[in-house]
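So the protein lines, in turn, are chains V and Z. For the first sequence, position 88 matches number 88 in my numbering, and the numbering has no gaps at all. Just so we're on the same page, my numbering is the position in the second sequence counted from 1, plus 1000. By construction, the Cβ of each residue, glycine as well, lies at the ideal position given by its N, Cα and C atoms. The model shown is predicted, which means the values in this text are computed figures rather than measured ones.
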Amino acid sequence: MLAFFEWCESTLIGVAVRESLWLFPMIEAVHLLGLSLLGGVLLVVDLRMLGLGLKAQSIAELARQTRPWLVASVLAMVATGVPLFLSEAVKCYYNTSFWVKISTLPVALLYTFLVRQRIAADPGLVTSARSRLTAIGSLALWFTVAAAGRWIGFS
Amino acid sequence: MLDFLTWLAGTSWSVALRESLYVWPFVESTHVLSLGLFAGTAAMLDLRLLGLALTRVPVTALTGRLLPWTRAGFAIMVATGLLLLFSNPVRYYHNIFFRIKVVVLIIAGLNVWLFHSRVHRRVADWDLNPVAPRSARTAAIVSLVAWAVVVVAGRLIAYNWFDCDIQPQPDLINWAASCVVPAE
Chain V
1 MLAFFEWCES TLIGVAVRES LWLFPMIEAV HLLGLSLLGG VLLVVDLRML
51 GLGLKAQSIA ELARQTRPWL VASVLAMVAT GVPLFLSEAV KCYYNTSFWV
101 KISTLPVALL YTFLVRQRIA ADPGLVTSAR SRLTAIGSLA LWFTVAAAGR
151 WIGFS
Chain Z
1001 MLDFLTWLAG TSWSVALRES LYVWPFVEST HVLSLGLFAG TAAMLDLRLL
1051 GLALTRVPVT ALTGRLLPWT RAGFAIMVAT GLLLLFSNPV RYYHNIFFRI
1101 KVVVLIIAGL NVWLFHSRVH RRVADWDLNP VAPRSARTAA IVSLVAWAVV
1151 VVAGRLIAYN WFDCDIQPQP DLINWAASCV VPAE
């Protein structure tokens, strides 16, 4: 496993980002912009499922209309997150926060695209225990990913 | 100003926050994660005005029901941001990215004020239009760009590339950061 992380660091992108003064901070800044957008996109639907925010619109309508931005912001996060990881893969290997993030992330992605989006697509879905639980699951998973991600830099 | 900040930096609360093992990272993490609430929901309104998202939702639904969440996010950003500033005021005072952030924050704030005092007053005329009129779209673009610059500059504050104790620097940098450089 460690050998794989060492290989990651030795990739062209890993070396380029690590050896540049500006690349890591700039990619990281774009990663933060992606976080902002992803947070907004998720909150519009999750708040609505909690019975807050845009209550006059249906859950299905909001989920459908925000979907392109959900996909775009997740892609932006992955596209910036991968080079950041490659540049310091070995540090990540020894970092507990990284492992929390990287194990929660696939769960959050599968949950969002396979569970939450399907539940939210139901045109008959109104604010209910079902919608609230779905939203809480989404917020908890993405909060964990974001908080653990930030903590990689502290530990 | 600098005298006050130097005094502030010497207070026991500032020292405690600056040197704390967990409180400072906790405050900083709250500052960063609140971006999703503040900048994210603000961006959704901007994208709506530009006709790029939520085009079938009335603009007033967003300004009425989503904006309170944006404001709550902003309140958290300000509270945690002031705490971070309080933890190391002299360093941030001389930090060029912090200065850029403050200037652009003022521009972003003026844009918010202009949007609400002028553009949004006539929202009844275009509430349901998928694309808002030019004045609203201009406000949306200024908002997206200004807040993005604030986020990026904010992130770069952490880097000491242009700190006063890293010399030599170009005169422009030392001037912009109010660095006092002893003569050789």
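Pull up the CB-CB distance for residue 166/V and residue 5/V, whole angstroms please, since I reckon it's below 8 Å. Because chain V spans 1 through 155 in this model, residue 166/V falls outside it and cannot be assessed.
What does residue 1159/Z touch in chain V if you count any residue whose Cβ is under 8 Å from its own? The count along the second sequence starts at 1 and reaches residue 1159/Z at position 159. What residue 1159/Z touches in chain V: 25.
Run through chain Z and tell me which residues come within less than 7 Å of residue 55/V, C-beta to C-beta. Position 55 of the first sequence, counting from 1, holds the residue named residue 55/V. Against chain Z, the beta carbon of residue 55/V has neighbours under 7 Å at 1065, listed in chain order.
Using only CA atoms, which one of 10/V, 21/V, 35/V and 130/V lies nearest to residue 81/V? On the first sequence, position 81 is the one that residue 81/V refers to. Considering only alpha carbons, the answer is 35/V.
Rank 33/V, 125/V, 72/V and 97/V by C-alpha distance to the C-alpha of residue 58/V and give the top, closest one. Start at 1 with the first residue of the first sequence, and residue 58/V comes out as number 58. When only C-alpha atoms are compared, the closest one is 125/V.
Check whether the Cβ atoms of residue 41/V and residue 70/V lie closer than 8 Å to each other. In the first sequence, the residue the question calls residue 41/V occupies position 41. In the first sequence, the residue the question calls residue 70/V occupies position 70. Their beta carbons are under 8 Å apart, which means residue 41/V touches residue 70/V by this criterion.
Can you find a C-beta in chain Z that's less than 8 Å from the C-beta of residue 39/V? Indexing the first sequence from 1 puts residue 39/V at position 39. Yes - at least one Cβ of chain Z is within 8 Å of the one on residue 39/V.
DSSP on residue 57/V, reduced to helix/strand/coil? Reading the first sequence from its first residue, position 57 is the one you call residue 57/V. Here residue 57/V sits in coil by DSSP.
Please report the straight-line C-alpha distance between residue 1036/Z and residue 1180/Z, rounded to a whole angstrom. As a position in the second sequence, residue 1036/Z is number 36, starting the count at 1. As a position in the second sequence, residue 1180/Z is number 180, starting the count at 1. Their backbone Cα atoms lie some 38 Å apart in a straight line.
According to DSSP, is residue 1064/Z helix, strand or coil? Residue numbering aside, residue 1064/Z sits at position 64 when the second sequence is read from its first letter. Residue 1064/Z: helix per DSSP, three-state reduction.
With respect to the alpha helix (DSSP H) encompassing residue 9/V, which residues constitute its N-terminal and C-terminal limits? In the first sequence, residue 9/V corresponds to position 9, counting from 1. 2-10 is the span of the alpha helix (DSSP H), which, as asked, contains residue 9/V.
Excluding sequence positions up to five away, which residues of its chain have a Cβ less than 6 Å from the Cβ of residue 37/V? Residue 37/V sits at position 37 when you count from the first residue of the first sequence. Closer than 6 Å at the Cβ level, and outside the excluded window around residue 37/V, lie 73.
Any Cβ of chain Z within less than 8 Å of the Cβ of residue 33/V? Against the first sequence, residue 33/V aligns to sequence position 33. The beta-carbon of residue 33/V is placed less than 8 Å from the nearest beta-carbon of chain Z.
Residue 1160/Z (DSSP reduced to helix, strand or coil): For the purposes of this step, residue 1160/Z is taken as residue 160 along the second sequence, with counting starting at 1. Note: residue 1160/Z maps to coil in three-state DSSP.
Per-residue burial, residue 54/V [other beta carbons within 10 Å of its own, 16 or more giving buried]: Residue numbering aside, residue 54/V sits at position 54 when the first sequence is read from its first letter. Here residue 54/V is buried. Its C-beta has 16 or more other C-beta atoms within 10 Å.
Find the nearest neighbour of residue 1043/Z within the set 33/V, 144/V and 129/V, judged by alpha-carbon distance. Residue mapping note: residue 1043/Z aligns to position 43 of the second sequence, counting from 1. If we check each option's Cα against that of residue 1043/Z, 33/V comes out closest.
From residue 1090/Z to residue 85/V, what does the alpha carbon distance come to, in whole angstroms? One-based indexing of the second sequence puts residue 1090/Z at position 90. One-based indexing of the first sequence puts residue 85/V at position 85. Rounded to whole angstroms, the separation of the alpha carbons of residue 85/V and residue 1090/Z is 33 Å.
Below-8 Å beta-carbon distance, residue 1126/Z vs any chain V residue: Reading the second sequence from its first residue, position 126 is the one you call residue 1126/Z. Not closer than 8 Å to any Cβ of chain V, the Cβ of residue 1126/Z fails to qualify, so no.
Cβ of residue 43/V less than 8 Å from any chain Z Cβ? To locate residue 43/V, count along the first sequence from 1; it is residue 43. Interface residue, yes.
Using only CA atoms, which one of 1077/Z, 1099/Z and 1019/Z lies nearest to residue 1163/Z? Within the second sequence, numbered from 1, the residue matching residue 1163/Z stands at position 163. Closest option to residue 1163/Z, Cα to Cα, is 1099/Z.
Counting only beta-carbon atoms, is residue 116/V nearer than 8 Å to chain Z? The sequence position of residue 116/V within the first sequence is 116, counting from 1. Not one chain Z Cβ lies under 8 Å of residue 116/V.
If we ignore side chains and look at the alpha-carbon of each, how far apart do residue 1103/Z and residue 1097/Z end up? Position 103 of the second sequence, counting from 1, holds the residue named residue 1103/Z. Position 97 of the second sequence, counting from 1, holds the residue named residue 1097/Z. Approximately 10 Å, taken between the alpha carbons.
Would residue 7/V be called buried (16 or more neighbouring beta carbons within 10 Å of its own) or exposed? For the purposes of this step, residue 7/V is taken as residue 7 along the first sequence, with counting starting at 1. Exposed.
Quick one: any contact between the stretch 1009-1022 of chain Z and the stretch 140-150 of chain V, if contact means 3 or more CB pairs under 8 Å? no
Measure from the C-beta of residue 1025/Z to each C-beta in chain V and report whether the shortest distance is under 8 Å. Here residue 1025/Z corresponds to residue number 25 of the second sequence, with the count starting at 1. By this cut-off, residue 1025/Z is an interface position.
Assuming residue 1074/Z and residue 1038/Z are in contact, meaning their beta carbons sit under 8 Å apart, how far apart are those beta carbons, in whole angstroms? Position 74 of the second sequence, counting from 1, holds the residue named residue 1074/Z. Position 38 of the second sequence, counting from 1, holds the residue named residue 1038/Z. Yes, residue 1074/Z and residue 1038/Z are in contact; Cβ-Cβ is about 5 Å, under 8 Å.
Cβ of residue 36/V within 8 Å of any chain Z Cβ: Position 36 of the first sequence, counted from the start, is the residue given in the question as residue 36/V. Closer than 8 Å: yes.
Those runs of the alpha helix (DSSP H) which lie wholly inside the stretch 52-135 of chain V and span at least 4 residues: 59-87, 89-93, 96-110 and 117-121
Neighbouring residues, chain Z, relative to residue 28/V (Cβ below 8 Å): Sequence index remark: in the first sequence, residue 28/V carries index 28 (1-based). By Cβ distance, chain Z contributes 1155.
Quick check on residue 89/V - is its C-beta less than 8 Å from some C-beta in chain Z? Position 89 of the first sequence, counting from 1, holds the residue named residue 89/V. No, no contact with chain Z.
Over what stretch of residues does the alpha helix (DSSP H) that includes residue 25/V continue unbroken? Start at 1 with the first residue of the first sequence, and residue 25/V comes out as number 25. Per DSSP, residue 25/V belongs to the alpha helix (DSSP H) from 23-49.
I want to verify the contact list: residues of chain V whose CB lies under 8 Å from the CB of residue 1035/Z, in sequence order. The count along the second sequence starts at 1 and reaches residue 1035/Z at position 35. Neighbours of residue 1035/Z in chain V, taken as residues whose beta carbon is under 8 Å from its own, are 32, 35, 36 and 39 in chain order.
Where does residue 1111/Z fall in DSSP's three states? In the second sequence, the residue the question calls residue 1111/Z occupies position 111. Helix at residue 1111/Z.
When the Cα atoms are used, what is the spatial distance from residue 1080/Z to residue 66/V? For the purposes of this step, residue 1080/Z is taken as residue 80 along the second sequence, with counting starting at 1. For the purposes of this step, residue 66/V is taken as residue 66 along the first sequence, with counting starting at 1. Rounded to whole angstroms, residue 1080/Z to residue 66/V spans 29 Å at the Cα level.
Would residue 47/V count as contacting chain Z if we go by Cβ distances under 8 Å? As a first step, residue 47/V is located in the first sequence; it is residue number 47 there, counting from the start. True, the Cβ-Cβ gap to chain Z drops below 8 Å.
Helix, strand or coil at residue 1006/Z [DSSP, three-state]: The residue given as residue 1006/Z occupies position 6 in the second sequence. Under the three-state reduction of DSSP output, residue 1006/Z falls in the helix class.
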